[in-house]
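Working notes, structure below.
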Amino acid sequence: MPTPVPPPIGVGSRLEGFSYAIRNVVAEATRVEASGRRVTYLNIGDPVAFGFQTPPHLIEAVVRALRDGENGYTPAAGVWRVREAVAASYCASGLSIGPERVVLTSGTSEGIELALSVLVNTGDEVLLPVPTYPFYTATLTKLGARGAFYRTDPANGWLPDLDHIRSLIGPATRALVVIDPNNPTGAVYSTQTRRALIDLADTHGLVVLADEVYADLAYDAPVQPIATLNPDAPVISFSSISKAYQAPGWRAGWLAVSGGDRLDTVLKAINELADGRLCSTGPMQFAIEAALTGNDDHKATFVHALRERAEVTARRLNRIEGISCVPPRAAFYAMPRVDLPPGRTDEDYVIGLLRATGLLCVYGSGFATAPEDGFLRIVFLASPAELNAIYDTIEGFTAQFRSTA
Ligand SMILES: Cc1ncc(COP(=O)(O)O)c(C=O)c1O
């Protein structure tokens, strides 16, 4: 008698709709690689994957912590002196905040997840920009809540449409996510827009979830925390050493809660939730202190390299028939638009590009743009010479794709 095969074990229904396109496209890339074609990964914003190196004093801080026996659990909110360093860096930017309002997290991502988890009930809404960063939609799905998507306008430097935001606010709205500088568009918001966003949230009693992970990577000047514009507004700021300090694999980040005592209950709940996951990685917390108090000369070099790559990207893409691209002003992402033939989608274009050339980008609909709008996101961390070759390839593929409607 053959032994009966036990049925497969199912998953919770909350996971329906949980999707993260940035990594989902990799499944197709793996198939393309298996067929013998080399894949160039332009889908994930990891500076280390493109040869940018974690500053040595951060590595030394982690090694020292390991050797000094800092290998136990830390307090749930993180090592006090590291929280002091984070608070001091906010104070230096003009936002007066104490270490007791800082929580160290496993990257910006965990901070966002902790904040959303304490803020939303089933059915609640959180205002998210479109194009969006898909971690927000994925996390809200997991929590049984949803995004209310506000437009950002490519014709206006990808700035948020304030009237659209106002029109979306209702009884179920809990928070306003502001990603500035922005992934995936590379936008940097004007002071006027930033002030309008924070005042809008303040007036409507919404928490501003300020994703400031690219603040130091704006090409003209670092972007100051949005909370400096209105210290009384309820703001939670998130950041990490993943991007500007080139250590994404260390999962070392923080959140900071401002806005006076209005967010005290939220801060208490975040701390309770943080207790449940014990702590973020201990030795890596010391790298945060090294990053925020040590030499940061690498940043100028990095920003210079990014500006050069952004210029190549915008110039080359805008010369391609059927493609337009708003020049990025920060970070390492561009969100060009392809004028698609009728009936074709952004995913058709991106998967077609991958299969035909081995270039892996992410389709705009993974960031909640309409599939027929033809957006895609490109990570432009490769060297200018490599980028020029990449844009040659994109030019050839686009001509062929658009002519075979
Ligand atoms: C807008 C935005 N927020 C958060 C993150 C996650 O960053 P971390 O590595 O700090 O979790 C990213 C990573 O790409 C991002 O682009």
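Take 1 as the starting number for the sequence shown in our numbering and just add one per residue.
Glycine is no exception: its CB is placed at the ideal position from the N, C-alpha and C atoms.
Everything numeric in this text was worked out from a predicted model, so none of it was measured.
- ASN295 has its Cβ no nearer than 7 Å to any heavy atom of ligand 1.
- For the 8 Å CB-CB criterion, VAL223 and ARG174 do not form a contact.
- Per DSSP, the unbroken beta strand (DSSP E) holding VAL379 starts and ends at 376-379.
- CA-to-CA, the gap between ARG319 and SER35 works out to about 32 Å.
- Taking non-hydrogen atoms of ligand 1 into account, the C-beta of VAL213 is found less than 7 Å away from one of them.
- Beta-bridge annotation (DSSP): SER240 is paired with GLY253.
- Every alpha helix (DSSP H) of 4 residues or more that sits fully in the stretch 130-214 is shown, in chain order, as 134-143, 162-168, 191-204.
- Three or more pairs of CB atoms, one per stretch, sit closer than 8 Å, so the stretch 325-334 contacts the stretch 170-186.
- Of the candidates VAL362, VAL379, SER109, the residue whose Cα lies closest to the Cα of ALA252 is SER109.
- Beta-bridge pairing by DSSP links ARG337 to SER324, PHE375.
- For SER242, the distance from the CB to the nearest heavy atom of ligand 1 is below 7 Å.
- A heavy atom of ligand 1 is found nearer than 7 Å to the CB of PRO248.
- Under the 10 Å beta carbon count, LYS268 is surrounded by fewer than 16 other beta carbons and is classified as exposed.
- Inter-segment contact for the stretch 226-237 and the stretch 69-81 is absent: fewer than three beta-carbon pairs are separated by less than 8 Å.
- Contact between the stretch 347-362 and the stretch 21-40 is established, with three or more Cβ pairs separated by less than 8 Å.
- In summary, GLN285 is buried, with 16 or more beta-carbon neighbours lying within 10 Å of its beta-carbon over all protein chains present.
- Excluding residues up to 5 positions away in sequence, LEU104, THR105, SER106 lie with their Cβ nearer than 6 Å to the Cβ of SER280 in the same chain.
- Secondary structure note for LEU104: its beta strand (DSSP E) is the uninterrupted segment 102-105.
- Beyond the five residues adjoining it in sequence on each side, GLY374 comes within less than 6 Å, by CB distance, of ARG337, VAL338, LEU340, ASP346 in the same chain, given in chain order.
- VAL126 carries a strand assignment under DSSP once its states are collapsed to helix, strand and coil.
- Looking at the backbone, the Cα of PRO327 and that of ALA138 are separated by about 28 Å.
- Going by DSSP, GLY276 is part of the alpha helix (DSSP H) stretching over 264-276.
- At a Cβ-Cβ threshold of 8 Å, ILE241 and ALA287 count as neighbours.
- In this structure, DSSP gives VAL362 an extended state, which the three-state scheme calls strand.
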